[in-house]
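Colleague: Line by line, the protein sequences are chains A, B, C and D.
Residues 21 to 300, numbered by this note's numbering, are exactly what the first sequence covers, in order.
Residues 21 to 300, numbered by this note's numbering, are exactly what the second sequence covers, in order.
Residues 21 to 300, numbered by this note's numbering, are exactly what the third sequence covers, in order.
Residues 21 to 300, numbered by this note's numbering, are exactly what the fourth sequence covers, in order.
Here a beta-carbon is modelled for each residue, glycine too, at the ideal position from N, C-alpha and C.
Number of protein chains: 4
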Amino acid sequence: MLIESKKSLPPPLYSLEYKTSRTIIDLGDGIRIGDRGIIIIAGPCAVESHDQTLKTAKHVKAAGARILRGGAFKPRTSPYSFQGLGIEGLEILRRVREETGLKIITEAMDCEELGRVAETADIIQIGSRNMQNFSLLKAAGRAGKPVLLKRGASATLEEFLNAAEYILCSGNPDVILCERGIRTFDDHSRNTLDLNAVPVLRERTHLPVMIDPSHGTGRRTSVVPLARAGIAAGADGLIVEVHHKPAQALCDGDQSLHPREFRDLMSQCRLIAQAMGRDL
Amino acid sequence: MLIESKKSLPPPLYSLEYKTSRTIIDLGDGIRIGDRGIIIIAGPCAVESHDQTLKTAKHVKAAGARILRGGAFKPRTSPYSFQGLGIEGLEILRRVREETGLKIITEAMDCEELGRVAETADIIQIGSRNMQNFSLLKAAGRAGKPVLLKRGASATLEEFLNAAEYILCSGNPDVILCERGIRTFDDHSRNTLDLNAVPVLRERTHLPVMIDPSHGTGRRTSVVPLARAGIAAGADGLIVEVHHKPAQALCDGDQSLHPREFRDLMSQCRLIAQAMGRDL
Amino acid sequence: MLIESKKSLPPPLYSLEYKTSRTIIDLGDGIRIGDRGIIIIAGPCAVESHDQTLKTAKHVKAAGARILRGGAFKPRTSPYSFQGLGIEGLEILRRVREETGLKIITEAMDCEELGRVAETADIIQIGSRNMQNFSLLKAAGRAGKPVLLKRGASATLEEFLNAAEYILCSGNPDVILCERGIRTFDDHSRNTLDLNAVPVLRERTHLPVMIDPSHGTGRRTSVVPLARAGIAAGADGLIVEVHHKPAQALCDGDQSLHPREFRDLMSQCRLIAQAMGRDL
Amino acid sequence: MLIESKKSLPPPLYSLEYKTSRTIIDLGDGIRIGDRGIIIIAGPCAVESHDQTLKTAKHVKAAGARILRGGAFKPRTSPYSFQGLGIEGLEILRRVREETGLKIITEAMDCEELGRVAETADIIQIGSRNMQNFSLLKAAGRAGKPVLLKRGASATLEEFLNAAEYILCSGNPDVILCERGIRTFDDHSRNTLDLNAVPVLRERTHLPVMIDPSHGTGRRTSVVPLARAGIAAGADGLIVEVHHKPAQALCDGDQSLHPREFRDLMSQCRLIAQAMGRDL
């Protein structure tokens with residue numbers, strides 16, 4: 021049937037009209053995204069080796085992170101940049117999960133990768149460049165694992181929520197929305213972190229909302245201030261890039277925190293979380 | 021090997037350093053994109069039925085268009101909007117090509133669709149939302165058909181050219197770059213057509229450059245003025261939405277030209293093309 | 021002399037190279053902007069009457085604000101909108117200061133107004149539309165009162181700091197920088213509050229930095245979350261619109277807080293300030 | 021009276037509802053802005069000396085320009101950049117007008133300057149940074165000379181037209197609107213020239229519309245293509261920076277045309293104007 025009519029549509033699945041209680045995504049081990057606790061995801065931009073991943077994982081776990089991030093398949097602007105270790109990277113993540121007990125999140129860029137990522141990861145990440153890759157969103161809706169969906173760099177919140185709707189209406193209720201910076205004229209930073217998205221999203225959806233202060237600013241010295249600000253704005257958690265040796269990182273070294281800086285982030289964010297009446 | 025080094029890289033395949041002569045894409049029947057003639061692609065946003073597609077095709081052919089556009093697989097913001105006729109739409113395009121002699125361009129949104137589109141279409145379109153869908157770009161590099169790559173709504177020209185490089189370095193030299201409007205604060209139009217991209221691209225690449233004044237403005241009454249301006253800026257062609265009954269179009273009706281308006285576009289653009297020393 | 025040379029220039033007056041200690045602006049009565057205490061400026065968008073101004077002033081004072089804002093001269097997009105009470109508005113502000121003991125900040129839009137404002141106000145505001153009104157900046161440099169300079173809606177931080185430099189090098193060391201939202205494609209809010217400006221400015225200048233969450237978002241329900249976020253990002257204070265009856269406000273009613281909402285803001289921001297090791 | 025009501029307002033003076041015939045501004049000597057002829061304004065960014073101004077003036081006159089631009093009072097981002105020759109610059113412009121017969125346009129940045137500029141110039145320019153300097157706009161409304169109003173770098177067309185309304189309703193019917201590039205994420209050029217503003221403005225106002233391809237792109241090699249495109253989009257004229265020795269220009273040398281390049285611009289634009297059924 022070819023007729024489109026907005027009037028007859030029921031409220032979208034993401035909306036508070038459809039579901040009045042906030043969605044909580046329970047990963048086990050007491051990790052409940054969208055609940056009272058602030059959840060911190062941390063780790064390197066890319067999985068570079070087992071040694072690098074394990075070292076960084078131990079650092080972030082010791083500081084209090086519960087979930088490890090790390091890219092096996094990397095979306096890179098240039099075809100000549102490091103494209104990630106691929107399947108080997110997934111295998112490293114699987115081992116490091118066993119060795120540390122951390123949960124794992126990693127990105128999938130196409131439907132084929134998504135199947136493999138879903139086998140390994142606890143959360144599937146869909147990156148900002150793929151926010152409107154509708155085939156991938158539909159596949160994520162059938163993947164049987166929670167999905168962290170990053171907002172596109174020039175996506176309106178309407179488009180962002182509709183992208184989540186593609187996943188939800190394909191059968192997957194566990195979607196985490198992640199603000200990660202938008203494109204503006206600003207030249208002081210790689211992106212402009214749009215923290216006003218947090219209260220607006222909380223008024224429009226029951227889904228959890230996280231903040232990526234690393235990509236959101238692209239500046240190491242801005243990550244901690246904007247992490248604090250994100251929690252103060254009402255976010256349910258953070259996803260932060262940490263590398264045990266940032267100067268040697270194969271990507272995003274400029275915005276990756278050293279483990280010591282990440283410990284500072286955790287202690288400062290803990291104070292803000294408490295001021296917000298939340299745990300960290 | 022994990023080392024990245026810009027210094028040792030040869031000039032990219034898109035660059036005038038790599039290839040000094042302008043790329044001309046020959047579709048047969050005297051249609052040579054990037055050559056002296058201005059090429060006009062026209063047709064409906066979506067293939068809705070054989071009747072609608074054929075009627076519009078006859079109109080645009082009579083007015084001078086050589087290539088028919090029409091979406092079989094449609095990227096839509098909402099999962100509840102018309103998603104295109106899919107395979108049936110491709111079949112309609114195939115019939116209309118036979119009935120009119122027009123060449124066909126249509127969009128593919130994932131690797132599986134791309135294979136089917138490549139069997140049917142003369143040019144494969146990659147839409148702006150998928151400009152950095154790197155898996156799709158690599159597949160397009162192996163497709164054996166020319167690719168029209170639309171600029172992402174917030175892509176820099178550096179990112180745009182690197183997206184083209186993914187296709188080129190995967191084995192496909194026939195890439196057409198298409199500027200289709202960027203996202204800005206402007207609220208008078210759906211997008212801001214960035215015509216300054218035309219001279220900048222011509223200085224940086226040998227690939228043909230086209231303009232989409234329909235999506236680039238989103239306003240029917242702006243399409244003809246910006247089509248003229250695009251040719252005056254130096255573009256090699258236009259891609260324009262035309263519907264035989266715009267008020268009944270299933271998508272993008274607000275920016276689709278009526279056949280009569282399209283004839284006006286052709287006659288006005290012909291004068292500008294002549295002033296530029298080009299044919300239309 | 022017509023030669024321009026960046027190399028021979030000494031460090032700009034705004035820079036930490038020129039002055040390593042943070043600037044503290046002492047208004048008396050223990051109000052020290054840029055010091056350990058977070059300073060809250062609050063009040064109506066426009067001075068509408070003595071009654072309205074006094075009522076709102078008493079509310080914000082009771083909640084803990086130390087400085088009253090209120091426009092006598094109003095920059096309005098349309099010439100047919102309420103343009104402010106002008107001189108009469110300044111007189112009302114003078115009376116309310118005597119009646120409440122609050123300090124006063126109000127905007128000047130041209131050199132003539134600036135002289136009158138400087139006689140009445142404790143702080144002269146230069147609005148975002150005038151951030152590069154260089155004649156006004158030079159006049160503010162000679163005014164003998166502190167100046168709160170709002171960032172232009174599309175100003176880079178380089179331009180913002182250079183605008184401050186016009187005031188500083190004209191003889192006035194007391195400049196407060198205020199981030200108030202930038203123009204982006206975002207359509208969920210009137211402006212996009214750029215909180216990453218806070219850490220970047222703190223690395224580049226000794227001047228105090230404040231945040232305007234009212235104009236920065238343009239949404240009443242976003243003001244409190246972004247006020248908290250601003251303090252968590254490291255700002256020295258806030259400027260907030262409060263109206264004793266927002267629904268009847270002559271301008272900016274959509275973003276003005278009711279006194280009760282402002283009390284909530286104060287109590288929530290106090291907790292964040294404490295988490296930051298600051299007072300409120 | 022403090023009540024604002026949109027409903028009771030008559031159509032604004034800029035609108036086609038208020039005045040259905042297009043405004044033509046007659047400067048004498050057959051120079052009629054907004055009529056069938058395309059009007060070219062050209063000259064240096066800044067008046068640097070009598071010799072430089074006269075030389076450039078002779079070049080642009082020989083190529084067909086009818087109006088000379090040149091800044092005496094210069095709005096500069098940094099207070100340490102060349103600020104213009106001021107009164108001396110106005111005197112040079114007066115002399116060059118007598119020596120060449122060219123009309124003169126130059127910028128005023130505050131009310132005091134505006135009085136002096138109005139004595140000397142044939143057209144008063146209000147720059148983009150002052151588009152919402154409402155005191156200046158009101159003064160321009162009483163100046164008795166035509167005003168060229170540049171669009172602010174992040175102004176919506178609604179704001180732009182309302183700024184024009186300030187001038188019109190202060191008693192001056194002779195306003196020329198000038199699109200000069202907006203601020204976007206684009207990093208390939210200094211600004212993004214918004215040519216879609218041309219047809220939108222033509223639908224909303226009877227005032228003449230000009231294009232500034234020099235500031236609008238900030239790239240010398242883009243000026244000619246975008247000048248052609250501006251005329252093809254329907255503009256009534258151009259304002260172009262030309263310097264007899266661009267490499268020695270005290271400001272904007274990167275976007276200033278050499279006299280030879282300006283002659284090319286004129287001959288190419290003449291062909292486009294003819295294709296548009298207009299004269300140049």
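Does DSSP classify Leu169 (chain D) as helix, strand or coil?
Modeller: In this structure, Leu169 (chain D) counts as strand in the three-state DSSP scheme.
Colleague: For Ala85 (chain A), which of A:Ile143, A:Arg56, A:Arg283 and A:Arg115 has the nearest alpha-carbon?
Modeller: The shortest C-alpha separation from Ala85 (chain A) is found at A:Arg283.
Colleague: Taking only the alpha-carbon atoms, compute the straight-line gap between His79 (chain C) and Ile202 (chain C) and give it to the nearest angstrom.
Modeller: Their backbone Cα atoms lie some 30 Å apart in a straight line.
Colleague: Kindly list, in the order they appear in chain D, the residues whose Cβ is closer than 7 Å to that of Phe154 (chain A).
Modeller: Those do not exist, as Phe154 (chain A) stays about 24 Å from chain D at its closest Cβ, beyond 7 Å.
Colleague: Closer than 7 Å, Cβ to Cβ, to anything on chain A: give me those residues from the region 87-110 of chain B, in chain order.
Modeller: Taking 7 Å as the Cβ-Cβ cut-off against chain A, the residues of the region 87-110 of chain B that qualify are Pro95, Thr97, Ser98, Pro99, Tyr100, Ser101 and Phe102.
Colleague: Short of 7 Å Cβ to Cβ, which residues in the region 173-205 of chain A face chain D?
Modeller: Cβ contacts with chain D come from Arg203, Thr204 and Phe205.
Colleague: Determine the closest residue to Tyr100 (chain D) out of C:Tyr186, C:Glu223 and C:Asn153, with distance taken between C-alpha atoms.
Modeller: It is C:Tyr186 whose Cα lies nearest to the Cα of Tyr100 (chain D).
Colleague: Could you tell me the alpha carbon to alpha carbon distance between Leu213 (chain B) and Pro219 (chain D), rounded to whole angstroms?
Modeller: One C-alpha to the other measures close to 13 Å.
Colleague: Roughly how many whole angstroms lie between the Cα atoms of Ala269 (chain B) and Val260 (chain A)?
Modeller: Ala269 (chain B) and Val260 (chain A): Cα-Cα distance of roughly 45 Å.
Colleague: Using a Cβ distance threshold of 8 Å, determine whether the region 237-249 of chain B contacts the region 215-233 of chain D, with at least three qualifying pairs required.
Modeller: With the cut-off at 8 Å, the region 237-249 of chain B and the region 215-233 of chain D touch.
Colleague: Rounded to the nearest angstrom, what separates Gln145 (chain D) and Ile107 (chain C) at their Cα positions?
Modeller: Straight-line Cα distance between these residues: approximately 30 Å.
Colleague: What does DSSP give as the partner residues of Ala62 (chain B) in its beta bridges?
Modeller: Per DSSP, B:Leu88 and B:Val260.
Colleague: Starting from Glu246 (chain C), find everything on chain A with Cβ-Cβ shorter than 7 Å and list it in chain order.
Modeller: Residue identity differs from the one stated: residue 246 (chain C) is Leu in this sequence, not Glu. Per Cβ cutoff of 7 Å: Leu215, Asn216 and Ala253.
Colleague: Would you call Tyr34 (chain C) buried or exposed, if buried means 16 or more other Cβ atoms sit within 10 Å of its Cβ?
Modeller: By the neighbour-count rule (16 or more Cβ atoms within 10 Å), Tyr34 (chain C) is buried.
Colleague: Just the chain B side, please: which residues come within less than 9 Å of His79 (chain D) by C-beta, in chain order?
Modeller: Those do not exist, as His79 (chain D) stays about 23 Å from chain B at its closest Cβ, beyond 9 Å.
Colleague: Can you tell me where the alpha helix (DSSP H) holding Arg200 (chain B) begins and where it ends?
Modeller: Arg200 (chain B) -> no alpha helix (DSSP H), and no H or E assigned at all.
Colleague: Answer yes or no: does any C-beta atom of chain D fall closer than 9 Å to that of Glu281 (chain B)?
Modeller: No - not a single Cβ of chain D is within 9 Å of the one on Glu281 (chain B).
Colleague: Leu129 (chain C) versus chain D: which residues are under 7 Å apart at the beta carbon?
Modeller: Rather than Leu, the amino acid found at residue 129 (chain C) in this sequence is Met. Simply Phe154 and Ser155.
Colleague: Could you spell out the range, first to last residue, of the alpha helix (DSSP H) harbouring Asp284 (chain A)?
Modeller: Asp284 (chain A) -> alpha helix (DSSP H) spans Pro279 to Ala295.
Colleague: Between the Cα of Thr225 (chain D) and the Cα atoms of D:Ser28, D:Tyr38 and D:Leu29, which residue gives the shortest distance?
Modeller: Cα-wise, what sits closest to Thr225 (chain D) is D:Tyr38.
Colleague: Output yes if chain C places a C-beta closer than 9 Å to the C-beta of Val220 (chain A); else output no.
Modeller: Yes, Val220 (chain A) lies at the interface with chain C (some Cβ there is under 9 Å from its Cβ).
Colleague: In its own chain, which residues sit with a C-beta less than 7 Å from the C-beta of Ser148 (chain A), not counting the 5 before and 5 after it?
Modeller: Taken in chain order, the residues that qualify are Lys170, Arg171, Gly172, Ala173 and Arg200.
Colleague: Taking the alpha carbon of Leu227 (chain A) as the reference point, which residue from A:Ser28, A:Pro30, A:Leu29 and A:Thr40 has its own alpha carbon closest?
Modeller: Measuring from the Cα of Leu227 (chain A), the nearest candidate turns out to be A:Thr40.
Colleague: When the Cα atoms are used, what is the spatial distance from Met296 (chain D) to Cys65 (chain D)?
Modeller: C-alpha separation (whole angstroms): 29 Å.
Colleague: Please specify which runs of the beta strand (DSSP E), each continuous and at least 3 residues long, are wholly inside the region 201-253 of chain D, giving them in chain order.
Modeller: Correct list: 229-231.
Colleague: Using beta carbons (cut-off 9 Å, strictly below), is Arg117 (chain D) in contact with chain C?
Modeller: Judged by the 9 Å Cβ criterion, Arg117 (chain D) is not in contact with chain C.
Colleague: At the level of alpha carbons, what is the spacing between Ile23 (chain B) and Ser155 (chain C)?
Modeller: Any answer about Ile23 (chain B) is weak, because its pLDDT of 44 lies below 50 and its placement is not dependable; what the coordinates show is given next. Roughly 53 Å separates the two Cα atoms.
Colleague: Going by the DSSP bridge assignment, what does Asp299 (chain C) pair with across the sheet?
Modeller: Asp299 (chain C) is bridged to C:Gly57.
Colleague: Are the CB atoms of Pro266 (chain B) and Gly273 (chain B) nearer to each other than 9 Å?
Modeller: Cβ distance < 9 Å, so Pro266 (chain B) and Gly273 (chain B) count as in contact.
Colleague: Is it the case that the CB of Leu113 (chain A) approaches a heavy atom of the ligand FMN more closely than 8 Å?
Modeller: What this structure holds is no ligand at all, so the ligand FMN is not there to describe.
Colleague: Have a look at C:Lys81, C:Asn182, C:Gln152 and C:Val244 and flag the residue whose alpha-carbon is nearest the alpha-carbon of Gly63 (chain C).
Modeller: With distances taken between Cα atoms, Gly63 (chain C) lies closest to C:Lys81.
Colleague: Output, in chain order, the set of chain C residues within a Cβ distance shorter than 7 Å of Asn150 (chain D).
Modeller: Chain C residues near Asn150 (chain D): Asn153.
Colleague: Decide if Leu301 (chain C) is buried, meaning its Cβ has at least 16 other Cβ atoms within 10 Å, or exposed.
Modeller: As shown, chain C starts at 21 and ends at 300. That puts residue 301 (chain C) outside it, with no answer to give.
Colleague: Compare the C-beta of His208 (chain A) with all C-beta atoms of chain C and state if any pair is closer than 9 Å.
Modeller: His208 (chain A) counts as touching chain C.
Colleague: I want to see whether chain D comes within less than 9 Å of Glu37 (chain C), judged by CB atoms only; does it?
Modeller: For Glu37 (chain C), the answer is no, since every Cβ of chain D falls outside 9 Å of its Cβ.
Colleague: Are there 16 or more other CB atoms within 10 angstroms of the CB of Asp142 (chain A), so buried, or fewer, so exposed?
Modeller: Flag for Asp142 (chain A) reads buried.
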